[in-house]
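Worksheet for the structure shown next.
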Amino acid sequence: MRTLLNNPDFRRLFAGRLVTNAGDSLYFVAAMWLVWDLTGNELYTGLAGFLTLAPAGLQFLFGPLVDRWPLRRLLVATQLLQGLLVLSVPAAHLTGHLSVWVVLAVMPSLALLNQLVYPAQTAAIPRIVDTDELVAANSLFALAYQGVDAVFNALAGVLVVVVGAVALFTLDAVTFALAAALFSTLSVPRADDTSVDRGPESETPAEAPTRGVEPTPDGGRVPEEAVPEREETAAHGSPDAAASDGNGGASGYLADLEEGIAYLRGTFLVPMLLGSVVINFALGGTVAILPSYAAHVGGVDGYGYLMAALAVGILVGSLAASSLAGLAFGRLSIAAFLLSGAAWLGAVAAGRLPVTVALFVIAFVPVGVTNVLIVSVVQAVVPETLLGRVTAVLGSASAVSTPFGALAGGAAASFVGPVAVITVAGVAFLLLAIYLASVPALRRLPAVGDIDTLATERRPT
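Counting in our numbering, the sequence shown runs from 10 upward without gaps.
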């Protein structure tokens, strides 16, 4: 990891990630609690969760844009727009027009812009680091995402009590401005590595490195054995075909989108996504009613600690991912999610905030492990010219059920209470483990380093 941090472009991207994640944590905790404080109704927090999470289901629409647009300018523009949006909440408060509807309008707008931010960051990583550094790079990015979340989720819970939720939106605007400044210094090679999207301190074209791009005898394409076999090769095309239509309008955009979807057909990611749909539905319900649950066990401070527990668990798993990469991924995932389900149900049964927080940390460790490992596989196998749209399609497909889970969780909690909803989420983890064990293509997955194709056909083990 020391080598990665000596890479100036990775260091700038990493720093920007830290700052923007801090802002995301502050606004999300402040916004969800503000909705609960203004209404005291789980139906509204469920609606807030739906509006915040629903844009993730549209992420696949942004993938072609990420592959087409210069990443540095895209990252800078999104941060500036998000900063302006969060300022609308304190502005409404100062003018006496603050209502739950203002907050409910801002939350999905910010989330929509994030559907460009995260695929762009993911697409930038393999362009600025070597292939053998991808797992370490993704672990560090997960550290940025979850580590900052852990600290700032808990901090936001305290700050809401001390300075109020509205003041946090003002602080959040500052973090977006700082992130924009950091991203503006990036130098990101384009996917075809023929030009560079440069910041003010970038190398000259002659000095620009070809990081993470290994020369191949077929003009830069990924070797055929690294790409899942498909019945119609014309359906998924080639990186060159994608690049040749780079100046197309709507037709080119739709072709890019279709190519990203077609690439995933016949891969083990499809059955894996089916399991994710169920677990994300349950998690959406949990996030939506967590303010209500926290009010029962610890108030706004409890909400911050519970949100931090989720982030700490994923952080620990992300840091452990590199050391677990040598284990068979299929069996590792099954055992991990059995542990998650048991810890989750234990957290609910404990009924005491300190024990609940500790067990929630354990429950989310496997999420961090699997997130880092699967992203590393995708980045290593998928051609760079397709990576933005493939990542976006995966993000949309895995997240599409989450907002509906938030709506359902909020509605259910208003009738049966938040504890019952969270219990169902714990059962979903156990069901995921059973599902992974029942699908041969997932159960037989080897160690991440041995996965050189996304195709589902594998030798029995």
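We put the CB at the ideal spot given by N, CA and C, even for glycine.
If you ignore the 5 residues before and after alanine 182, its C-beta comes within less than 6 Å of the C-beta of Gly92, Val95 and Leu96, all in its own chain and listed in chain order. Methionine 316 is positioned such that its CB atom lies no closer than 7 Å to that of valine 85. With a threshold of 16 other beta carbon atoms within 10 Å, aspartate 141 falls short and is exposed.
Here threonine 87 is near valine 126, since their CB atoms are less than 7 Å apart.
If you check the CB distance, valine 366 and alanine 318 come in under 7 Å. Bounds of any alpha helix (DSSP H) do not take in isoleucine 460, whose DSSP letter is neither H nor E. By the Cβ-count criterion, alanine 358 is exposed, with fewer than 16 other Cβ atoms from all chains shown falling within 10 Å of its own Cβ. Annotated as proximal: valine 378 and alanine 330, with beta-carbon spacing under 7 Å.
In this model, asparagine 16 and valine 138 are separated by some 8 Å (Cα to Cα). Here the alpha carbon of alanine 415 sits roughly 7 Å from the alpha carbon of leucine 56. About 14 Å separates the CB atoms of leucine 152 and serine 332; that is not less than 8 Å, and the two are not in contact.
As the crow flies, the alpha-carbon of valine 402 is around 7 Å from that of glycine 72. Your pair alanine 188 and valine 28 checks out as a contact, with CB atoms roughly 4 Å apart and the cut at 8 Å.
Of the residues Ala101, Ala100, Ala446 and Val409, the one whose Cα lies closest to the Cα of proline 64 is Val409.
Contact between alanine 24 and leucine 191 holds, with the beta-carbon distance rounding to 5 Å and staying under 8 Å. For asparagine 162, same chain residues with a beta-carbon under 6 Å away, outside a window of 5 residues either side, are Ser34, Val38, Gly313, Met316, Ala317 and Ala320 in chain order. Between the alpha carbons of valine 457 and isoleucine 288 lies a gap of roughly 22 Å. Inter-residue distance for proline 392 and alanine 174 is about 43 Å (C-alpha atoms, whole angstroms). Here leucine 396 is not near alanine 133, since their CB atoms are 7 Å or more apart. Residue environment for threonine 276: buried (at least 16 other C-beta atoms within 10 angstroms of its C-beta). Valine 175 sits in a helix when the DSSP states are folded into three classes.
Trp78 is the residue among Ala159, Asn147, Tyr36 and Trp78 whose C-alpha sits nearest the C-alpha of aspartate 265. Take the alpha-carbon of valine 157 and the one of asparagine 30: they are about 6 Å apart. A direct Cα-Cα distance of roughly 18 Å separates threonine 179 from aspartate 46.
In this structure, Val390 is the residue among Val390, Thr12, Ala417 and Phe150 with its C-alpha nearest to the C-alpha of leucine 278. By the criterion of a C-beta distance shorter than 6 Å, glutamine 68 is surrounded in its chain by Gln124, Ala401, Gly404 and Ser405, once the five residues flanking it on both sides are discounted. Of the residues assessed, glycine 435 falls on the buried side of the cut-off, its CB having 16 or more other CB atoms within 10 angstroms. The C-beta separation of leucine 119 from tyrosine 36 comes to about 7 Å, placing the pair in contact by the 8 Å criterion. Around the CB of alanine 159, 16 or more other CB atoms lie within 10 Å, so the residue is classed as buried. Counting along the chain, the unbroken alpha helix (DSSP H) around asparagine 289 starts and ends at 278-306. About 6 Å separates the beta carbon of leucine 195 from that of aspartate 18, a gap short enough to meet the 8 Å contact definition. Rounded to whole angstroms, the separation of the alpha carbons of serine 342 and isoleucine 371 is 14 Å. In the DSSP assignment, asparagine 123 falls within the unbroken alpha helix (DSSP H) covering 109-137.
Cβ neighbours of valine 384 within its own chain (closer than 6 Å, five residues either side excluded): Asn147. Tryptophan 110 sits exposed, since fewer than 16 C-beta atoms from the chains shown fall within 10 Å of its C-beta. Residue burial annotation: alanine 429 is exposed, with fewer than 16 other C-beta atoms found within 10 angstroms of its C-beta.
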